[in-house]
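Okay, so here's the structure we're looking at.
Number of protein chains: 2
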Amino acid sequence: MLGVKHTLGYSGPVSTDPPRQKRATIIDVAREAGVSRGTVSRVINGERYVSSEAEAAIKAAISKVGYRPNVAARNLVMQRSQAVALVVHEPASLFAEDPNIGAIMLGANAALSAADYQMVLLIVDSERDTERVSRYLSGSYADGVIMVSARTHDPITRVIEKIGLPATFVGHPPDVTQMAFVGIDNRASARAITERLVATGRSRIGMIAAALDRDSGADRLAGFRDALGDRFDANLVEAVPLYEFASGVTAMQELLRREPQIDGVFAASDAVAAGAMNALRSAGRSIPQDVGIVGFDDSTWALRTKPQLSTVHQPAQGLGAAAAASVLSQLHGETPPAGGVLLDTPVVWRGSA
Amino acid sequence: MLGVKHTLGYSGPVSTDPPRQKRATIIDVAREAGVSRGTVSRVINGERYVSSEAEAAIKAAISKVGYRPNVAARNLVMQRSQAVALVVHEPASLFAEDPNIGAIMLGANAALSAADYQMVLLIVDSERDTERVSRYLSGSYADGVIMVSARTHDPITRVIEKIGLPATFVGHPPDVTQMAFVGIDNRASARAITERLVATGRSRIGMIAAALDRDSGADRLAGFRDALGDRFDANLVEAVPLYEFASGVTAMQELLRREPQIDGVFAASDAVAAGAMNALRSAGRSIPQDVGIVGFDDSTWALRTKPQLSTVHQPAQGLGAAAAASVLSQLHGETPPAGGVLLDTPVVWRGSA
DNA sequence: ATGAAAGCGCTAACAA
DNA sequence: TTGTTAGCGCTTTCAT
C-alpha cells in the first residue's frame, strides 16, 4: 500500500511514528462532512452552487482528515497536468558555466508560477536521458514544453512534433520552422556592436567566433561581417567550438600571433571575451588603450572583468518569460506568431572599448 | 465501504466522436492484437507468462496504433511516479552565480537517470512558489525529494515531514536532524587548508568569513580557528553575508586597512577569494609572494584567477549523486545512515599560496 | 498463458 | 443545491 515501507525506512532507529496510514481521499472527506463526493469535489474546485453550511463542513473535514488532492487521479480524468517542462540540452560543463541558462529558467519559472503552472526541468545529458525525457514528454506528464538549445535533428524535437505537444523553442534550430520560438536577432545585434567598435577608430578588428554550428554563433559572425563590409578580413577571425572562457584565451593568442597589430576584438560571448582579455593582458596589451574588446550576453562575466566589458545585453530572463507566455497561450488554444518573437538587445557600453 | 458497485467496461469510441483523434490506449492495442488488456499490460511491463506469438502481435499492434503509455493512469494505480524532485531554494541571483548548484543537479540527474528515475527540478523563488511546490510534493508527483540549501524553518521541510515523503538534504539546516543528509565536513576541511597555509610560513593570517548564518559558513570559521589555535586573532577576521565576488573585494580592502602586514588569507569561498585577489592586486600586493591566499569550493573560479587558486575541493557533483543514491535507497525501504553521509574534500594546491 | 473484472481517486454529466 | 454514477487508462488478482 501507499508508501508504508517508505515511512518505516526513514523514521530512524528509534521509531516513535506510527506507520503511515493510507492517505485520506475525497471519500473520507465526504463521509466526515456527511455529504457526497460530488459536493466535496465542487468545493475543492471552487464551483458555485454549494451551500455555505456544506462548504464549511467540508473545509473542516478536509483539515481534520488531512486531505491532499491526488494529482495523478485528477490528471487522469482532466487529461492535463498543470505542468510545463523545460528541456535543457547542453553538455554538462556548459550548463554550469553559462549564466544564460539559469536566467532563462528563472524567467520561465516566474511566468509559469504566476499562471499557477509548475515548471519541470529536464536535463538531457546522455543517450539514456534522451530516451527517458522522450517518454516523459509523451506520458502526459506535461501540458507543454519549452526547449532550450535544441540541436539540429534532435530526437526530442521529433517526439514533440509527433505527439503534437504545445512547444516553444528558445532560439531555433534550422530544421525547426513550424514551431513557435522566442529569441534575439543575433545578426543585427552583432552588427550593431561591431559598428560601435568601428566608430571608436579601430582599424584592425578581429573576431573570436564560437559555436558556428548553432544559429546564434553563425549569425553573430554574419553580423560582424555585415558591419565590416569591405574591411572584413577572414584572417582576423578565429573560430572555437564553445562559448567558454578557456577558448577565449587560446583563440586570442592565435589572433595575436597572426596579427600583432590587432586593435579591436569582438568576442562571440562575454565568457570568451573574458578569456581573451586574460590573454591580451598576458601579452602586455592594455585594454582599452591598445586593444578595444566587446562581448555578447551581458552576463555576470561582463562585470567581473577589468575594465568592465562593453557588450550586447541578452535578455535571458525575458526570453524565459516570453517562452513561458508562448506555451501558455498555446495551451489556451491560441496560435503563436509565425515569425517567432524577437526581444530587444540593447548595446551596453562600458570600459573595455 | 460505500457498497456502490458499478459496472466498468469499455464502451468503445462513441459514434458522435468528432474527427479529433484520441490517443491510443491499451484497449486499442488489445483489440488490434486480438488479446485482452491484461495481456497487453503484461507485455508492456515485461512480465513472464506471455506466449511469443501474443508478444509479437502486441508489439506490432503497439507501433501500428502509435500507443504511448499514459503515466497519469499508471501512477494512479501504482501509487508512484518514478520521479524524484530536486528542490532548490535560493535567491535568484545566487542561483545563476553559484557553480555548485549546477554540479549538484548534474550529479543527481546522472544517478537518477541510471536508476531510470526522472529528476524534476523545482525552483522556489517566491511565496507563491513555496505553496505550489508544497502542493506538488504532496500530490504524488514525486516519489522522493532532494532538498538543496533548505533554510531553517522551511515550510517545505514541514510538508515533507508531514506527508512522510522520502527525502535527503544536501547540507542540513540545524532544525532538521531526523532526516537523511549528505554533505562535507566544512570544519575539518577549513582546518586542513588553513594548516597547509600556515605551513608555508605565513605569520599574519586572516580570514574572510561568509554566510555565518549557515552551518557551512560558521563551520569554516571554526575550522580556521582550530588550525590557528593561540595565534588566532579576531581582528584579522572579516565577515560578509554572502559567498560572492563583490564581498571579497570590500572585505579584503578592510583587512588590508586593519593589518597592512597581512601575508595570508583564507577566503570562505573561491568567489570571495577571487574578489580578494582583485583587491590585493589593486593594492599592489603580489600573489603569492606578498600574500598567500586560499579559497574553498574548487569551482570554476579557482581556475580563472591568476595564479590559480589553492582551495578545498568540494565534490558538488558527488553530493548530487550521493543525495540521489540516498533517496533511491529509501525508496527501496532502506534506512539511511543516522549521521548522514560526508564526502571527502581533498585540498587542491595550486599557485596562489 | 490468458481473459475478466475490480478498482486507483477524481471530475462531470445527469437526476433529483 | 446535492447525490449518483460513469468513466479517465492502467495494473493486478482470480479464475480458467
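Going line by line, the protein sequences match chains X and Z.
At the far end of the first sequence sits residue 353, using UniProt numbering, and the numbering has no gaps.
At the far end of the second sequence sits residue 353, using UniProt numbering, and the numbering has no gaps.
The beta carbon of each residue, even a glycine, is placed where N, CA and C say it ideally should be.
Every value quoted in this text rests on a predicted model; they were computed, and no experiment measured them.
| query | Which one or two residues does DSSP pair with V148 of chain X in a beta bridge? | reply | Locating residue 148 of chain X in the first sequence gives position 148, where the first residue counts as 1. X:V88 and X:V170, per the DSSP bridge assignment.
| Residue from Z:G264, Z:A283, Z:S140 and Z:I58 with nearest C-alpha to A73 of chain Z | Here the question's residue 73 of chain Z lines up with position 73 in the second sequence. Cα-wise, what sits closest to A73 of chain Z is Z:S140.
| query | Between the Cα of L137 of chain Z and the Cα atoms of X:V71, X:R151, X:V88 and X:I101, which residue gives the shortest distance? | reply | Reading the second sequence from its first residue, position 137 is the one you call residue 137 of chain Z. For L137 of chain Z, the nearest C-alpha among the options comes from X:V71.
| V84 of chain Z beta carbon less than 8 Å from that of V145 of chain Z | Against the second sequence, residue 145 of chain Z aligns to sequence position 145. Against the second sequence, residue 84 of chain Z aligns to sequence position 84. Yes, Cβ-Cβ distance for V145 of chain Z and V84 of chain Z is below 8 Å.
| request: Using the Cα positions of V312 of chain X and L342 of chain Z, report the straight-line distance between them to the nearest angstrom. | output: Your numbering for residue 312 of chain X matches position 312 in the first sequence. Your numbering for residue 342 of chain Z matches position 342 in the second sequence. Cα to Cα, the separation comes out at about 43 Å.
| query | Which bits of chain Z does S140 of chain X rub up against, with CB to CB less than 8 Å? | reply | One-based indexing of the first sequence puts residue 140 of chain X at position 140. Going along chain Z in sequence order, the residues near S140 of chain X (Cβ under 8 Å) are N70, V71 and A72.
| query | Residues bridged to A321 of chain Z by DSSP? | reply | Here the question's residue 321 of chain Z lines up with position 321 in the second sequence. DSSP lists no partner for A321 of chain Z.
| query | Where are the alpha helix (DSSP H) runs, 4 residues long or more, that stay fully inside the segment 264-334 of chain Z, in chain order? | reply | 270-282, 301-304 and 316-331
| Who are the neighbours of Q118 of chain X on chain Z, taking C-beta pairs under 7 Å? | Locating residue 118 of chain X in the first sequence gives position 118, where the first residue counts as 1. Per Cβ cutoff of 7 Å: R132 and Y136.
| message | Please confirm whether S352 of chain Z has its beta-carbon closer than 8 Å to some beta-carbon of chain X. | response | Translated into positions along the second sequence, residue 352 of chain Z becomes position 352. No, no contact with chain X.
| query | Can you list, in chain order, the stretches of the beta strand (DSSP E) that have 3 or more residues and sit fully within the segment 175-230 of chain X? | reply | 180-184 and 205-210
| Bridge partners - I123 of chain X, DSSP secondary structure assignment | Mapped onto the first sequence, residue 123 of chain X falls at position 123. According to DSSP, which records beta bridges pairwise, I123 of chain X is partnered with X:V88.
| field | Exposure of Q261 of chain X, with buried meaning 16 or more beta-carbon neighbours within 10 Å | value | To locate residue 261 of chain X, count along the first sequence from 1; it is residue 261. So Q261 of chain X counts as exposed.
| message | Tell me which residues share the same chain as D185 of chain Z and place their Cβ nearer than 6 Å to its Cβ, disregarding the 5 neighbours each side in the sequence. | response | Along the second sequence, one-based indexing puts residue 185 of chain Z at 185. Here the set comprises L342.
| request: Kindly list, in the order they appear in chain X, the residues whose Cβ is closer than 7 Å to that of A110 of chain Z. | output: Walking along the second sequence from the start, residue 110 of chain Z turns up at place 110. Below the 7 Å Cβ cutoff, chain X contributes D125 as neighbours of A110 of chain Z, in chain order.
| Same chain, Cβ closer than 8 Å to Q79 of chain Z, five either side skipped, listed in chain order | Taking the first residue of the second sequence as 1, we reach residue 79 of chain Z at position 79. Correct list, in chain order: S140.
| Counting only beta-carbon atoms, is L228 of chain Z nearer than 8 Å to chain X? | Here residue 228 of chain Z refers to the residue found at position 228 of the second sequence. No, its Cβ sits nowhere closer than 8 Å to a Cβ of chain X.
| query | Taking Cβ positions only, does D263 of chain X come closer than 8 Å to chain Z? | reply | On the first sequence, position 263 is the one that residue 263 of chain X refers to. For D263 of chain X, the answer is no, since every Cβ of chain Z falls outside 8 Å of its Cβ.
| message | Please identify the residue among Z:H332, Z:A222 and Z:G206 whose C-alpha is closest to the C-alpha of P213 of chain Z. | response | Looking up residue 213 of chain Z in the second sequence gives position 213. Just to set this straight, residue 213 of chain Z is Asp in the shown sequence, not Pro. Answer by Cα proximity: Z:A222.
| Taking 8 Å as the CB-CB limit, is F76 of chain X close to chain Z? | Along the first sequence, read from residue 1 onward, the residue named residue 76 of chain X stands at position 76. Inspection of the sequence shows that residue 76 of chain X is occupied by Leu rather than by Phe. Taking Cβ atoms only, chain Z reaches closer than 8 Å to L76 of chain X, which makes this a yes.
| Under three-state DSSP, which class holds A338 of chain X? | The sequence position of residue 338 of chain X within the first sequence is 338, counting from 1. DSSP places A338 of chain X in coil when its eight states are reduced to three.
| message | Measuring CB atoms only, is the segment 316-324 of chain X touching the segment 274-286 of chain X, in the sense that at least three cross pairs come out at less than 8 Å? | response | no
| message | Need the endpoints of the alpha helix (DSSP H) that V29 of chain X sits in, please. | response | Mapped onto the first sequence, residue 29 of chain X falls at position 29. First-last of the alpha helix (DSSP H) with V29 of chain X: I26 to A33.
| Under a Cβ-count criterion, where at least 16 other Cβ atoms within 10 Å of its own Cβ denotes burial, should S11 of chain Z be classed as buried or exposed? | The residue given as residue 11 of chain Z occupies position 11 in the second sequence. Here S11 of chain Z scores only 31 on pLDDT, less than 50, and its place in the model is too uncertain to base an answer on.
| message | Can you look up A54 of chain Z in the DSSP assignment and give me helix, strand or coil? | response | Start at 1 with the first residue of the second sequence, and residue 54 of chain Z comes out as number 54. Of the three classes helix, strand and coil, the one that applies to A54 of chain Z here is helix, per DSSP.
| task | Reducing DSSP to helix, strand and coil, say where L343 of chain Z ends up. | result | Translated into the one-based positions of the second sequence, residue 343 of chain Z becomes position 343. Here L343 of chain Z sits in strand by DSSP.
| Residue from X:R128, X:R258 and X:G34 whose Cα sits closest to the Cα of N235 of chain X | One-based indexing of the first sequence puts residue 235 of chain X at position 235. Minimum Cα distance to N235 of chain X is reached at X:R258.
| Apart from the five residues just before and just after T152 of chain Z, which ones in its own chain have a Cβ nearer than 8 Å to its Cβ? | One-based indexing of the second sequence puts residue 152 of chain Z at position 152. So the list reads P173, P174 and D175, once near-sequence residues are dropped.
| field | chain Z residues whose Cβ lies nearer than 8 Å to that of S113 of chain X | value | In the first sequence, residue 113 of chain X corresponds to position 113, counting from 1. Simply D125, S126, R128, D129 and R132.
| C-alpha distance - V14 of chain X paired with D219 of chain Z, whole-angstrom precision | Position 14 of the first sequence, counted from the first residue, corresponds to residue 14 of chain X. Position 219 of the second sequence, counted from the first residue, corresponds to residue 219 of chain Z. No answer about V14 of chain X holds up, because its pLDDT of 29 lies below 50 and its placement is not dependable.
| query | What do you get for D290 of chain Z, buried or exposed, if any count of 16 or more other CB atoms within 10 angstroms of its CB means buried? | reply | Counted from its first residue, the second sequence places residue 290 of chain Z at position 290. Exposed: under 16 other Cβ atoms inside 10 Å.
| task | Just tell me which of X:L112, X:I123 and X:L106 has its CA closest to the CA of A325 of chain X. | result | For the purposes of this step, residue 325 of chain X is taken as the residue at position 325 of the first sequence. Among X:L112, X:I123 and X:L106, the Cα nearest to that of A325 of chain X is on X:L112.
| task | Leaving aside the five residues before and after D233 of chain Z along the sequence, list all residues of the same chain whose C-beta is less than 6 Å from its C-beta, in chain order. | result | Here residue 233 of chain Z refers to the residue found at position 233 of the second sequence. So the list is empty, once near-sequence residues are dropped.
| query | Relative to the C-alpha of S189 of chain Z, which residue among Z:R158, Z:G284 and Z:A268 is closest? | reply | Residue 189 of chain Z sits at position 189 when you count from the first residue of the second sequence. Of Z:R158, Z:G284 and Z:A268, the residue nearest in Cα terms is Z:A268.
| Helix or strand or just coil, what does DSSP make of A118 of chain Z? | As a position in the second sequence, residue 118 of chain Z is number 118, starting the count at 1. Before going further, note that residue 118 of chain Z is Gln rather than Ala in the sequence given. Here Q118 of chain Z sits in strand by DSSP.
| task | Give a yes or no on whether the minimum CB-CB distance between A245 of chain Z and chain X is below 8 Å. | result | Counting from one through the second sequence, the residue named residue 245 of chain Z turns up at place 245. Residue identity check: residue 245 of chain Z is Phe in the sequence provided, not Ala. Taking Cβ atoms only, chain X reaches closer than 8 Å to F245 of chain Z, which makes this a yes.
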